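Protein chains in written order, with the working numbering: chain X, 235 to 414; chain B, 744 to 896.
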């Protein structure tokens with residue numbers, strides 16, 4: 235198994251546990267597509283998942299321990315609106331109010347902590363996610379800011395897996411950028 | 744009119760009248776435009792990092808060396824320093840922790856600081872700027888007129 239295959243497998247395990255955690259929270263089936271593994275140059279990062287000015291919500295954690303790097307949950311705008319109606323009963327506007335921001339942060343925290351916990355079990359060690367960072371803005375800008383510490387050492391490895399549901403109300407991606 | 748040519752992160756482009764250059768999804772990066780009002784030529788640099796750590800690092804990635812390189816390229820094509828207008832856009836802080844004042848990275852403020860030092864070293868002043876804040880931006884540079892348009896979501 236080469237390095238990319240190993241990291242893709244690792245990302246799929248994290249994404250699977252994140253999907254399960256989200257499914258429990260929203261009480262519907264969440265489908266995970268197999269993770270992709272890519273090596274990206276600096277100029278490719280911002281548009282690697284969405285057109286760079288696509289509006290999304292993003293929750294990122296820094297990973298302490300053997301896993302390293304950053305894990306993230308990216309949620310497309312339409313899905314953000316749907317989730318906020320379900321979680322806090324409010325409508326999405328141009329920006330998120332503090333309650334909406336907290337709700338998305340907590341959703342990301344639950345999903346990404348589930349991934350970190352699965353990774354810790356896998357390697358019989360500790361993987362500590364940081365307190366989450368959250369933003370609701372252009373995808374390219376959010377992604378670059380999340381992985382800023384890797385920008386001096388491009389290309390970077392980027393693993394992502396699509397998360398969706400049967401009703402097409404959840405459009406999201408799980409993300410892992412390992413430390414080199 | 745033809746579609747804008749995208750200037751990706753860590754890249755820069757010089758072009759003539761009739762060309763439009765764009766940078767999309769600009770967060771903590773600085774986008775610097777330089778326009779030669781006499782020759783109606785210009786360039787756009789999409790700069791993610793503040794200072795070039797060593798001469799081996801690609802100049803296009805850093806605010807200090809990237810701006811200098813863009814000016815050199817325009818001067819090599821015949822531009823004179825006194826005809827150049829420099830604008831800067833970006834350096835927003837868009838990732839936060841709910842209820843906390845801190846930001847994810849000091850990158851945006853470091854980029855602004857690097858720009859100020861570089862402008863002073865090159866004896867240039869900004870003709871205009873839209874930097875800082877907490878919203879990402881799209882930038883469109885119309886070289887025919889030197890117009891720089893900035894939009895947010």
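Beta carbons: idealized from backbone N, C-alpha and C, even for Gly.
Model, not experiment: these values are computed from the prediction.
Reduced DSSP category for residue i - H, G, I as helix; E, B as strand; rest coil
i, result
"residue 399 of chain X", "strand"
"residue 238 of chain X", "helix"
"residue 351 of chain X", "helix"
"residue 807 of chain B", "helix"
"residue 263 of chain X", "coil"
"residue 828 of chain B", "strand"
"residue 272 of chain X", "strand"
"residue 748 of chain B", "strand"
"residue 392 of chain X", "strand"
"residue 314 of chain X", "helix"
"residue 332 of chain X", "helix"
Proximity below 8 Å, CB of residue i to CB of residue j
i, j, result
"residue 375 of chain X", "residue 879 of chain B", "yes"
"residue 295 of chain X", "residue 366 of chain X", "yes"
"residue 835 of chain B", "residue 786 of chain B", "no"
"residue 346 of chain X", "residue 299 of chain X", "no"
"residue 377 of chain X", "residue 279 of chain X", "yes"
"residue 789 of chain B", "residue 829 of chain B", "no"
"residue 276 of chain X", "residue 409 of chain X", "no"
From the options, residue whose alpha carbon lies closest to that of residue i
i, options, result
"residue 321 of chain X", "X:272, X:329, X:276, X:337", "X:337"
"residue 768 of chain B", "B:779, B:826, B:833, B:745", "B:833"
"residue 263 of chain X", "X:276, X:255, X:269", "X:255"
"residue 239 of chain X", "X:260, X:271, X:247, X:267", "X:271"
"residue 313 of chain X", "X:377, X:402, X:297", "X:402"
"residue 797 of chain B", "X:386, X:250, X:413, X:339", "X:386"
"residue 858 of chain B", "B:811, B:847, B:766", "B:811"
"residue 302 of chain X", "X:396, X:371, X:353, X:286", "X:353"
"residue 382 of chain X", "B:838, B:873, B:783, B:872", "B:838"
Contacts of residue i in chain B (Cβ-Cβ under 9 Å)
i, result
"residue 382 of chain X", "771, 791, 792, 847, 848, 850"
Chain-ordered chain X contacts of residue i [CB-CB under 8 Å]
i, result
"residue 842 of chain B", "332, 336"
"residue 777 of chain B", "The contacting residues do not exist; residue 777 of chain B stays about 20 Å from chain X at best."
"residue 816 of chain B", "In chain order: nothing, as chain X lies at least about 18 Å away."
"residue 795 of chain B", "What residue 795 of chain B touches in chain X: nothing, since even the nearest Cβ is about 11 Å away."
Interface residues of chain B facing residue i [CB-CB closer than 7 Å]
i, result
"residue 345 of chain X", "Ordered by position in chain B, no residue passes the 7 Å Cβ test against residue 345 of chain X, which lies about 16 Å from the chain."
"residue 339 of chain X", "841"
Residue i: contacting residues in chain B (beta-carbon distance under 8 Å)
i, result
"residue 289 of chain X", "896"
"residue 279 of chain X", "752"
Closer than 9 Å at the beta carbon, the chain X residues around residue i
i, result
"residue 804 of chain B", "276, 385, 386, 388"
Chain X contact residues for residue i, given Cβ-Cβ distances below 7 Å
i, result
"residue 837 of chain B", "369, 371, 375, 376, 379"
"residue 768 of chain B", "280, 286, 287, 372, 373, 374, 375"
- Query: Using a beta-carbon distance cut-off of less than 8 Å, what residues from the stretch 292-306 of chain X approach chain B?
  - Reply: 292, 294
- What residues in the stretch 860-886 of chain B have a beta carbon less than 7 Å from any beta carbon of chain X? 878, 879, 881
- Along the stretch 349-371 of chain X, what residues have a CB closer than 9 Å to any CB found in chain B? 365, 366, 367, 368, 369, 370, 371
- Task: Determine which residues of the stretch 386-397 of chain X have a Cβ less than 9 Å from any Cβ of chain B, and write them out in chain order.
- Result: So the list reads 386, 388, given in the order they occur along the chain.
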